[in-house]
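Taking it in order: structure first as structure tokens, then the write-up.
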Amino acid sequence: MVPISEHLQGILDNLPTKPGCYLMKDASGEIIYVGKAINLRNRVRSYFHSSADHNGKTRQMVRRIADIDTIVVGSELEALILEMNLIKKHRPHYNVRLKDDKRYPYIKVHWADPFPKVTVTRQMVNDGSRYFGPYTSVWAVHQTLDVLRRIFPYLTCDRVITGKDPRPCLYYDIKLCSGPCIGAIQQAGYRQMISDLCEFLEGRTEPIVDRLRREMEQAAEELRFERAAALRDQINAIERVVERQKVISPEQLDSDVVAMARVDGEACVQVFFIRSGKMIGREYFILEGTEDEENEEVLSEFIKQFYSESASVPAQVLLPQEIEEAQIIKQWLHTERGGKKVDFIVPHQGTEAELVEMATENAVETLRTLKAQWEADTNRQSEALSELQQALGLAEPPNRIECYDISNTQGTAAVASMVVFEQGVPSKKLYRRFNIRSVEGPNDFASMEEALTRRFNRWLSAQEEKRVGARVDPSFAVLPDLLIVDGGKGQLSRAVAVLERFGLSGQVPIAGLAKQQEEIFLPGRSSSILLPRHSQGLYLLQRIRDEAHRFAITAHRKRRTKEGLVSRLSQVPGIGPVKRRALLTRFGSIEAIRDASVEALTEVPGITPELAMALKTQLE
Numbered sequence: 008m009v010p011i012s013e014h015l016q017g018i019l020d021n022l023p024t025k026p027g028c029y030l031m032k033d034a035s036g037e038i039i040y041v042g043k044a045i046n047l048r049n050r051v052r053s054y055f056h057s058s059a060d061h062n063g064k065t066r067q068m069v070r071r072i073a074d075i076d077t078i079v080v081g082s083e084l085e086a087l088i089l090e091m092n093l094i095k096k097h098r099p100h101y102n103v104r105l106k107d108d109k110r111y112p113y114i115k116v117h118w119a120d121p122f123p124k125v126t127v128t129r130q131m132v133n134d135g136s137r138y139f140g141p142y143t144s145v146w147a148v149h150q151t152l153d154v155l156r157r158i159f160p161y162l163t164c165d166r167v168i169t170g171k172d173p174r175p176c177l178y179y180d181i182k183l184c185s186g187p188c189i190g191a192i193q194q195a196g197y198r199q200m201i202s203d204l205c206e207f208l209e210g211r212t213e214p215i216v217d218r219l220r221r222e223m224e225q226a227a228e229e230l231r232f233e234r235a236a237a238l239r240d241q242i243n244a245i246e247r248v249v250e251r252q253k254v255i256s257p258e259q260l261d262s263d264v265v266a267m268a269r270v271d272g273e274a275c276v277q278v279f280f281i282r283s284g285k286m287i288g289r290e291y292f293i294l295e296g297t298e299d300e301e302n303e304e305v306l307s308e309f310i311k312q313f314y315s316e317s318a319s320v321p322a323q324v325l326l327p328q329e330i331e332e333a334q335i336i337k338q339w340l341h342t343e344r345g346g347k348k349v350d351f352i353v354p355h356q357g358t359e360a361e362l363v364e365m366a367t368e369n370a371v372e373t374l375r376t377l378k379a380q381w382e383a384d385t386n387r388q389s390e391a392l393s394e395l396q397q398a399l400g401l402a403e404p405p406n407r408i409e410c411y412d413i414s415n416t417q418g419t420a421a422v423a424s425m426v427v428f429e430q431g432v433p434s435k436k437l438y439r440r441f442n443i444r445s446v447e448g449p450n451d452f453a454s455m456e457e458a459l460t461r462r463f464n465r466w467l468s469a470q471e472e473k474r475v476g477a478r479v480d481p482s483f484a485v486l487p488d489l490l491i492v493d494g495g496k497g498q499l500s501r502a503v504a505v506l507e508r509f510g511l512s513g514q515v516p517i518a519g520l521a522k523q524q525e526e527i528f529l530p531g532r533s534s535s536i537l538l539p540r541h542s543q544g545l546y547l548l549q550r551i552r553d554e555a556h557r558f559a560i561t562a563h564r565k566r567r568t569k570e571g572l573v574s575r576l577s578q579v580p581g582i583g584p585v586k587r588r589a590l591l592t593r594f595g596s597i598e599a600i601r602d603a604s605v606e607a608l609t610e611v612p613g614i615t616p617e618l619a620m621a622l623k624t625q626l627e
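Each residue of the sequence shown is one higher than the one before, counting from 8 in this note's numbering.
See the structure below:
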């Protein structure tokens, strides 16, 4: 049994017996696991029972738990939805999760516009548009749109469509736009074409072809031969595409086929999309955090995360085996489909079983191919690290590289990012951010100095903690083999001064990377270093710098949003730091708090009906 601190024991003794979610945190306050339970008290306490038969991953997690937060909800379904949102937001290390933390691309049809355009987006919003996806490859999305545009020549420009423009653009002349700007197609006809495009994406091509044939025949009868020829060409284009779609089921059902392969802690899930009995596409997804987890659990977590992001849910999902929580997941998907039933089917014979087997074989092959690519990437990373060693005069290739960047808006809500690459790949669990406290106004030099001072102060503290046997933060316990600051000589000089104060100037190699010419500046050297434009070393430096920039901007935006939210919540009498934190944990945004009912607000500990009403009044 793991020793339990007095703090943890106090939490365990006072857990509610209601349904909800629990958030496990380590000593640094980082959320390492999110779970749900019908009875929070029983579920959370079970982690600490001496008789519990935990797997290795869970035992490791329990040893790291230093704090636990709970959020009470009204039902198991609410707990499921909240759990999915929290995992998506925090990406805890010990949860099974989709590997890519970026948003997947979708095809967006701007249906609310009078003349809808078709674009690519990474975010679904409730704006009246229609969405298709997700896709794992932006390239595949654009390939799809290239095909669609030749069949359904939709708008791509930003003109205000009046139908009275004197001349069209080039796309009309090359038959990639239907020309609503000059009145070549009326609004009703254009919207019908876009509706056909949507049906095409859904795999429902036969009604489109039947209607186009009728229109072609009518146009021919009316001697509108040019229109009839255009319709004929459109029908032929659709049929050429459809010919490549394999007919799977004569029942013309809508199904997703889900199968999985697992090797060395990685899991690849393959999804076949079958619409109206035809296979219209497939995508693969990589999961991480799957070590020591059973297949049933991994598949269950994938289905929850995938369909929370998917633009549509079919009537049935074919699976290789039963999954955990099948009933509650089906209940959730039932609501996602607007009250329509969703079935999970584990076929054992016939066409459906063959489909699952084919998807499994594809998952195995995809994972094998990806692992070969990852190994090739490892070779390129080794080459890049060797190039950096030679160019920067390092004793060894830099195993651990840290990079720092500053982001602010006119000096406000300034944040410094710290990203860590190990063996040439990002180690996101080691990323950290610093909210700049001592600097007023836009001063990147001073902000960089503060961030590095705090980083190495924590390194000193970690050395002391090691001596007394305390748990240390791995982000700060180890010195980098190479420290990179985003910027030129000014940022570099401040960073060198920090290293000197800590007695590390000869121990930690440091460089500045300027954006404009990709110049590398080294301490004590007047001229910069320029790596060859196509060198692996330069590619790696650019990737590290860009990642630090991305992380800094993301952290800055979050801080700016949070400060605005805190400011508004602080204006409500009776809302102090504890209640403010509880509201933020439960709802996540000011919009969600504003839109929540009084009853939902009162479910947050400490929020009385009076306070809930005051909140609603303040935020509306």
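Beta carbons are placed, not taken as given, at the ideal position from N, Cα and C, and that holds for glycine.
This structure is a prediction, so every number in the text was calculated from the model and none was measured.
Taking the alpha carbon of K623 as the reference point, which residue from S604, N450 and M267 has its own alpha carbon closest? By one-based count along the sequence shown, residue 623 stands at place 616. Taking only the C-alpha atoms, the option nearest K623 is S604.
Looking at P160 and S144, is the spacing between their C-beta atoms short of 7 Å? The sequence position of residue 144 within the sequence shown is 137, counting from 1. The sequence position of residue 160 within the sequence shown is 153, counting from 1. The answer is no: Cβ separation not under 7 Å.
Rounded to whole angstroms, how far is the Cβ of P187 from the Cβ of I168, which I believe are closer than 8 Å? To locate residue 187, count along the sequence shown from 1; it is residue 180. To locate residue 168, count along the sequence shown from 1; it is residue 161. Confirmed, Cβ separation roughly 5 Å.
V127 bridges to which residues according to DSSP? Translated into the one-based positions of the sequence shown, residue 127 becomes position 120. Its beta-bridge partners are I114.
Could you tell me the alpha carbon to alpha carbon distance between Y153 and P433, rounded to whole angstroms? Against the sequence shown, residue 153 aligns to sequence position 146. Against the sequence shown, residue 433 aligns to sequence position 426. For the record, residue 153 in the displayed sequence is Asp; it is not Tyr. Going from the Cα of D153 to the Cα of P433 covers about 34 Å.
Supposed contact pair S445 and E457 - C-beta distance, whole angstroms, cut 8 Å: On the sequence shown, residue 457 is found 450 positions in, with the first residue counted as 1. On the sequence shown, residue 445 is found 438 positions in, with the first residue counted as 1. Contact holds; Cβ gap of about 5 Å.
Whole-angstrom C-beta distance between D76 and T592, which should lie under 8 Å: In the sequence shown, the residue the question calls residue 592 occupies position 585. In the sequence shown, the residue the question calls residue 76 occupies position 69. Their Cβ separation, rounded to whole angstroms, is 6 Å, which keeps T592 and D76 in contact under 8 Å.
Between V320 and R282, is the Cβ-Cβ spacing less than 7 Å? Along the sequence shown, one-based indexing puts residue 320 at 313. Along the sequence shown, one-based indexing puts residue 282 at 275. Taking 7 Å as the Cβ cut-off, V320 and R282 do not qualify as a contacting pair.
V492 by DSSP, collapsed to three states: which one? Within the sequence shown, numbered from 1, the residue matching residue 492 stands at position 485. If DSSP states are grouped into helix, strand and coil, V492 belongs with the strands.
Chain-order list of residues whose beta-carbon lies under 6 Å from that of W466 (same chain, five-residue window excluded): For the purposes of this step, residue 466 is taken as the residue at position 459 of the sequence shown. Excluding residues within five positions, the ones whose Cβ falls inside 6 Å are F483.
Can you grab the Cα-Cα spacing for the pair A607 / L538, in whole Å? By 1-based counting over the sequence shown, the position of residue 607 is 600. By 1-based counting over the sequence shown, the position of residue 538 is 531. C-alpha separation (whole angstroms): 58 Å.
Take V485 and list the residues in its own chain whose beta-carbon comes closer than 7 Å to its own, dropping the five residues that flank it on each side. Counting from 1 along the sequence shown, the entry for residue 485 is found at position 478. Only R407 meet the Cβ criterion.
With 16 as the cutoff for other CB atoms within 10 Å, does N102 come out buried or exposed? By 1-based counting over the sequence shown, the position of residue 102 is 95. So N102 ends up on the buried side.
Out of curiosity, what's the CA-to-CA distance linking R239 and D165? Numbered from 1 along the sequence shown, position 232 holds the residue referred to as residue 239. Numbered from 1 along the sequence shown, position 158 holds the residue referred to as residue 165. Spanning the two alpha carbons is a distance of roughly 29 Å.
Go ahead and label A504 buried or exposed: buried means 16 or more other beta carbons lie within 10 angstroms of its beta carbon, across all protein chains shown. In the sequence shown, residue 504 corresponds to position 497, counting from 1. When all chains shown are included, A504 counts as exposed.
Rounded to whole angstroms, how far is the Cβ of F279 from the Cβ of R289, which I believe are closer than 8 Å? Numbered from its first residue, the sequence shown carries residue 279 at position 272. Numbered from its first residue, the sequence shown carries residue 289 at position 282. Right, their Cβ atoms sit about 5 Å apart.
Tell me which same chain residues have a C-beta within less than 7 Å of the C-beta of V371, skipping the five on either side of it? Taking the first residue of the sequence shown as position 1, residue 371 is located at position 364. These residues qualify, in order along the chain: A268.
State the start and end residues of the unbroken beta strand (DSSP E) segment that holds F351. As a working mapping, residue 351 is identified with position 344 in the sequence shown. Start and end: D350 to I352.
Determine, using beta carbons only, whether G170 and G190 come nearer to each other than 7 Å. The residue given as residue 170 occupies position 163 in the sequence shown. The residue given as residue 190 occupies position 183 in the sequence shown. When the beta-carbon positions are compared, G170 and G190 come within less than 7 Å of each other.
Could you spell out the range, first to last residue, of the alpha helix (DSSP H) harbouring Q338? The residue given as residue 338 occupies position 331 in the sequence shown. Counting along the chain, the unbroken alpha helix (DSSP H) around Q338 starts and ends at A333 to E343.
Extent of the continuous alpha helix (DSSP H) to which A226 belongs: In the sequence shown, the residue the question calls residue 226 occupies position 219. Note, A226: alpha helix (DSSP H), E213 to E228.
Could you check if S12 is buried or exposed, using at least 16 other CB atoms within 10 Å of its CB as the buried criterion? Taking the sequence shown and counting its residues from 1, one reaches residue 12 at position 5. Looking at its Cβ environment, which holds fewer than 16 other Cβ atoms inside 10 Å, S12 is exposed.
So for L183, helix, strand or coil by DSSP? Residue mapping note: residue 183 aligns to position 176 of the sequence shown, counting from 1. Coil.
Measuring only the C-alpha atoms, how far is N302 from A34? Indexing the sequence shown from 1 puts residue 302 at position 295. Indexing the sequence shown from 1 puts residue 34 at position 27. Their Cα atoms are separated by approximately 31 Å.
Identify every residue that forms a DSSP beta bridge with I536. Looking up residue 536 in the sequence shown gives position 529. I527.
Quick one: what does DSSP say Q323 is sitting in, helix, strand or coil? For the purposes of this step, residue 323 is identified with residue 316 of the sequence shown, where counting begins at 1. Three-state DSSP puts Q323 in a strand.
Report the CB separation of T212 from I245 in whole angstroms; it is logged as a contact under 8 Å. Along the sequence shown, read from residue 1 onward, the residue named residue 212 stands at position 205. Along the sequence shown, read from residue 1 onward, the residue named residue 245 stands at position 238. Confirmed, about 6 Å.
Distance, L437 Cα to I158 Cα: Translated into the one-based positions of the sequence shown, residue 158 becomes position 151. Translated into the one-based positions of the sequence shown, residue 437 becomes position 430. Going by the C-alpha atoms only, they are around 48 Å apart.
Proximity winner among K96, P449 and T24, relative to V41 (alpha-carbon distances): The residue labelled residue 41 in the question sits at position 34 within the sequence shown. When only C-alpha atoms are compared, the closest one is K96.
In whole angstroms, give me the CA-to-CA distance for V349 and N369. Within the sequence shown, numbered from 1, the residue matching residue 349 stands at position 342. Within the sequence shown, numbered from 1, the residue matching residue 369 stands at position 362. In a straight line, the C-alpha of V349 is about 25 Å away from that of N369.
Give me the Cβ distance between A318 and M131, rounded to the nearest whole Å; I'm assuming they're in contact under 8 Å. Here residue 318 is taken as the residue at index 311 of the sequence shown, counted from 1. Here residue 131 is taken as the residue at index 124 of the sequence shown, counted from 1. Correct: roughly 7 Å between the Cβ atoms.
Per DSSP, which residues does E409 bridge with? Please list them. Taking the sequence shown and counting its residues from 1, the one referred to as residue 409 is at position 402. DSSP lists V427 and L490 as partners of E409.
Is the Cβ-Cβ distance between M322 and D412 less than 7 Å? For this step, residue 322 is matched to residue 315 along the sequence shown. For this step, residue 412 is matched to residue 405 along the sequence shown. For clarity, residue 322 is Ala in the given sequence; the question names Met instead. Their beta carbons are not under 7 Å apart, which means A322 does not touch D412 by this criterion.
Just mark T342 as buried or exposed, buried being the case when its beta carbon has 16 or more other beta carbons within 10 Å. By one-based count along the sequence shown, residue 342 stands at place 335. T342 is exposed by the Cβ-count criterion.
Where P433 sits in the DSSP three-state scheme: The residue labelled residue 433 in the question sits at position 426 within the sequence shown. The answer is strand: DSSP assigns P433 an E or B state.
Identify whether K285 lies in helix, strand or coil by the three-state DSSP scheme. Here residue 285 refers to the residue found at position 278 of the sequence shown. Looking at K285 - three-state DSSP - the assignment turns out to be strand.
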